[in-house]
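Colleague:
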Amino acid sequence: MRRNDFPILQDGAVAYLDNAATSQKPAAVLEAMEQFYRTTNANVHRGLYHWSETATAHYEQARDTVQQFINAQHREEIIFTSGTTAAINTIAYALGKLVLQPGDVILLSQVEHHSNLVPWQLVAEQYRAKLEFFDPTQPLNQLPPKTKLVSLAHIANSSGLILPIQSVIALAHQAGVPVVVDAAQSVPHMPIDVQQLDCDFLAFSAHKLCGPTGVGVLYGKRVWLEKMSPVFGGGDMIRTVTLQHSTYADLPHKFEAGTPNIAGVIGLGAAVQYLTSIGMTKIQEATSAVHSYLVAQLKTLDFITLYGPEERSSIVSFNVRGVHAHDVAAVLDQHGVAVRAGHHCAMPVMEQWGVPATVRASVYFYNDESDIDKLIVGLKHAYGSLSRPNS
Ligand SMILES: Cc1ncc(COP(=O)(O)O)c(C=O)c1O
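Anchor point for the sequence shown: position 215 equals 545 in my numbering, and the numbering is continuous, going up by one each time.
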């Protein structure tokens, strides 16, 4: 579906199955970014001349586009960051400062990407709070005592597990506890409505949804963002500054210090418009069809071990019997198949599975069955040529 929109995929040389790491970019996104640099390149929010006003208008239009995309109630609830990682770190420091006392608990799931684990470890250390973890495959019936924050992925990047965010949010809200959703792997793949989810914060990256690298979104409910202090200080986020003291700009600028990634934000806006023009439900269906084919084909190979749940979204992690994941990926590369091999920034999950690494194939709507067929041929070759008996 729509493969011709993607210049890098047009010659069909590579079966790109590393979409959970980053997605490919359609011409519409490349052109929007190039257009900005070629025709209106100027800084935003400060120049009183045409280029700067145009750049500001396009930058702020991207905010409206993203607001509609995730159905945020207010445009100032959309903060542009450099990605999911920066968004979660910002939330962790600002929200941690607001709600954490020594002995309090930050509750995370057991399957988080390092981006939704390490920032909380840092903040827990700072406030002498504790981290606790729940198993997202089991119902969560109550929060541990003294829980002040919950943060969890919507979809685990290691396995494609879909976490029960809706019930966790409902449970946390009964206790007045805010919930952060790491939506890096879900926003690219399904319609997301933050008002319907009722999450307090949501983070995602442009580059996983056909947009550029180095830009992402921190969504936060206005009531929380207004109470939170900025984490980064600098230009654009202030109202007044004296040598001793500053007051801060209104939302969203309070959390957007310094010159932002203007071209990146414009690219993100173009990516969201591109996805919206296809329709997120159609994208979800197309991805799901090719993912089902992927899993079914892997199951025909008796030398493959699959990890994670039976119900997965867009991702599958596996190993080839007797061959290290890195060697599998190297053989696949020779067959023109791009996959990820390693711990997928989720070392605790690898520990739960008892393996140092897996191969991960992850699909998007522009993949088709021919990509999967190429993968299967490559896997048979990897097993046939590299597998060591009894290993
Ligand atoms: C679930 C999840 N969270 C967070 C991230 C971090 O995203 P970024 O590196 O774009 O900040 C990723 C990226 O792989 C991810 O899959």
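Yeah, the Cβ is synthetic: ideal placement off N, Cα and C, and Gly gets one too.
Which residues bound the beta strand (DSSP E) around Leu437?
Modeller: Per DSSP, Leu437 belongs to the beta strand (DSSP E) from 435-439.
Colleague: Relative to the alpha-carbon of Val689, which residue among Gly506, Pro449, Arg333, Ser647 has its alpha-carbon at the smallest distance?
Modeller: If we check each option's Cα against that of Val689, Ser647 comes out closest.
Colleague: In chain order, what residues have a CB nearer than 5 Å to some heavy atom of ligand 1?
Modeller: Every residue passing the under-5 Å Cβ criterion appears here: Gly413, Thr414, Thr415, His443, Ser445, Ala483, Asn487, Asp512, Ala514, Gln515, Ser535.
Colleague: Check for me: the beta strand (DSSP E) holding Arg690 runs from which residue to which?
Modeller: Unbroken beta strand (DSSP E) run through Arg690: 688-692.
Colleague: Report the rounded CA-to-CA distance for Leu425 versus Pro639, giving the unit in angstroms.
Modeller: So the alpha carbons of these two residues sit roughly 32 Å apart.
Colleague: On a CA-only basis, which of Asp580, Ala712, Ala486 is nearest Leu555? Give me that one, please.
Modeller: When only C-alpha atoms are compared, the closest one is Asp580.
Colleague: Where does the unbroken alpha helix (DSSP H) through Asp701 begin, and where does it stop?
Modeller: Unbroken alpha helix (DSSP H) run through Asp701: 699-716.
Colleague: Which ranges would you report for the alpha helix (DSSP H) in the segment 533-612 if only whole runs of at least 4 residues count?
Modeller: Correct list: 552-557, 592-608.
Colleague: What does a CB cutoff of less than 7 Å around Ala513 pick up in its chain, not counting 5 residues either side in sequence?
Modeller: The residues are His484, Ile522, Leu532, Ala533, Phe534.
Colleague: In whole angstroms, what separates the C-alpha of Val510 from that of Leu479?
Modeller: Between Val510 and Leu479, the C-alpha separation is close to 8 Å.
Colleague: If you scan the segment 628-685 from start to end, which runs of the beta strand (DSSP E) of 3 or more residues do you find wholly inside it?
Modeller: Here the runs fully enclosed are 634-637, 645-650, 670-672.
Colleague: Per DSSP, Ala345 forms a beta bridge with which residues?
Modeller: Paired residue(s): Val667.
Colleague: Roughly how many angstroms lie between the CA atoms of His656 and Leu628, to the nearest whole one?
Modeller: Rounded to whole angstroms, His656 to Leu628 spans 18 Å at the Cα level.
Colleague: Exposed or buried, what is Glu642 when buried is set at 16 or more other beta-carbons lying within 10 Å of its beta-carbon?
Modeller: Per the sequence shown, the amino acid found at residue 642 is Arg instead of Glu. Buried.
Colleague: I believe Phe562 touches Ala587 by the beta-carbon criterion, under 8 Å. Please report the beta-carbon distance rounded to the nearest angstrom.
Modeller: Right, their Cβ atoms sit about 4 Å apart.
Colleague: Roughly how many angstroms lie between the CA atoms of Phe695 and Leu347, to the nearest whole one?
Modeller: Those two C-alpha atoms are separated by around 11 Å.
Colleague: Give me, in chain order, the residues of the same chain whose beta-carbon lies closer than 6 Å to that of Gln440; leave out the 5 immediate sequence neighbours on both sides.
Modeller: Phe463, Asp465, listed in sequence order.
Colleague: So is Ser516 buried or exposed if we call it buried at 16+ other beta carbons inside 10 Å?
Modeller: By the 10 Å Cβ count, Ser516 comes out buried.
Colleague: Going by C-alpha distance, which of Gly541, Gly546, Ile568, Pro582 is nearest Val553?
Modeller: It is Pro582 whose Cα lies nearest to the Cα of Val553.
Colleague: For a test of the three-state rule: what should DSSP assign to Phe695, helix, strand or coil?
Modeller: Phe695 falls in the coil class under three-state DSSP.
Colleague: If Thr352 and Gly546 are in contact, beta carbons under 8 Å, what's the gap, nearest whole angstrom?
Modeller: Going by Cβ atoms, the distance from Thr352 to Gly546 rounds to 12 Å, so no, they are not a contact pair.
Colleague: With a Cβ-Cβ cutoff of 7 Å, do Ser644 and Ser692 count as a contact?
Modeller: Cβ distance < 7 Å, so Ser644 and Ser692 count as in contact.
Colleague: Evaluate Val571 with the Cβ neighbour count: other Cβ atoms within 10 Å of its Cβ, from every protein chain shown; 16 or more gives buried, anything less gives exposed.
Modeller: Flag for Val571 reads exposed.
Colleague: Less than 6 Å separating the Cβ of Ser439 from some heavy atom of ligand 2?
Modeller: Ligand 2 is not part of this structure, which contains only ligand 1.
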